[in-house]
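Student: In case it helps, the working numbering puts the sequence shown at residues 8 to 297. Glycine is no exception: its CB is placed at the ideal position from the N, C-alpha and C atoms. Before I ask anything, let me first share the structure, which is written out below as structure tokens.
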Amino acid sequence: AVGDHVVLSGSSCGRCPSCLAGRPTYCDLAMPLCFGGQRLDGTTALSQGETCVHSHFFGQSSFASHAIVPQRTAVKMDKALPLHMLGPLGCGVVTGVGGVIEALKVQPGQSIAVLGSGGVGLSAVMGARIAGAEQIVAVDLSDERLELARELGATHTFRGDQPDLAKALRQVTGRGLDFTFNTTNVPAIHTLALDVLAMNGTAGFVAAPIGEWKLAMFPMLAGGRQLRGILGGDADPQTFLPRLASWWQQGRLPFDKLLTFYPFAQIERAFADARSGAAIKPVLLMENPA
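Put into structure tokens, the structure is as follows:
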């Protein structure tokens, strides 16, 4: 309704088997809806003068003060929440938290290593704490990120360039880890994610390896191990984003510690800080949109 506060997430059709099962990130039409640059009928919601602008990234954006979106893309949120903080819930935070809780279904007492401590990885660390994981391992090349991971719930931290990293990760439990959650595109880390699994362990990943990567099949077969791709946290935004906000209100999901705010005029600086690692999750703020 007019005046509602909403967060935008990915678009989906609402009619295919995945959507009907509550898993809209795997919608049959997800690719054309979210990355096709236009609506399914070929029209666009954006224009510059009389020229159509082909964007529609995620079916919604990008970088505009106003948006025309499908109803399923807009998630109604509690007006008591600080709206300027909520945008990251729609992608990075839901991917990390949902990846652990909805996709991997980590249970109390289990173990998980989160590979990469960016916005998605640190969200996964917080999700693992909410899920009740006993051992939560964070791996990154930044000591500052690892310190923050500890603050957010990691029980163990390791630098990604540590010698014998695989051995150190296995020794966290003495038998390997129940889960790994890989946020990187580094082939060696994809190999590591499988190498450190316990029997019947699952390696979840949210980014594909760049370049050539060979999957070792025998350890997966012999150990009942699984490799699991995850999009959007395997979550339904309409129901899961309000849960994320509720966890934040309860103090269980302090995702605000990941955010750095920039006025829209500083968009180039925000991108530069994201590339350099100076900011974990840059958030652009529109100034008094009409």
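Quick one: what's A189 bridged to in DSSP?
Tutor: It should be pointed out that residue 189 corresponds to Asn in this sequence rather than to Ala. Per DSSP, L122, F212.
Student: Closest to R136 by CA distance: which of G103, G231, P24 is it?
Tutor: G103
Student: What are the start and end residues of the beta strand (DSSP E) that includes P270?
Tutor: Residues 266 to 270.
Student: So, using beta-carbon positions, are L260 and L248 closer together than 8 Å?
Tutor: no
Student: Using only alpha-carbon positions, find the residue among P95, L238, G44, A161 that is nearest to I287.
Tutor: P95
Student: Please return the same chain residues whose Cβ sits closer than 8 Å to the Cβ of S54, not counting the five positions on each side in sequence.
Tutor: V60
Student: Report the three-state DSSP secondary structure of T102 (helix, strand or coil).
Tutor: helix
Student: Measure the beta-carbon distance from T80 to S16 and round it to whole angstroms, keeping in mind my assumption that it falls under 8 Å.
Tutor: Rounded to whole angstroms, the Cβ separation of T80 and S16 is 6 Å, and the two are in contact under 8 Å.
Student: DSSP on Q45, reduced to helix/strand/coil?
Tutor: Looking at Q45 - three-state DSSP - the assignment turns out to be coil, as it is neither helix nor strand.
Student: Report the three-state DSSP secondary structure of R166 (helix, strand or coil).
Tutor: strand
Student: I want to know whether the stretch 70 to 77 touches the stretch 97 to 113 - three or more CB-CB distances under 8 Å.
Tutor: no
Student: Can you have a look at H197 and say buried or exposed, based on whether 16 or more other CB atoms are within 10 angstroms of its CB?
Tutor: Buried, by the Cβ-count rule.
Student: Can you give, in chain order, each stretch of the beta strand (DSSP E) that sits fully within the stretch 41 to 93 and has at least 3 residues?
Tutor: 53 to 55, 58 to 60, 81 to 84
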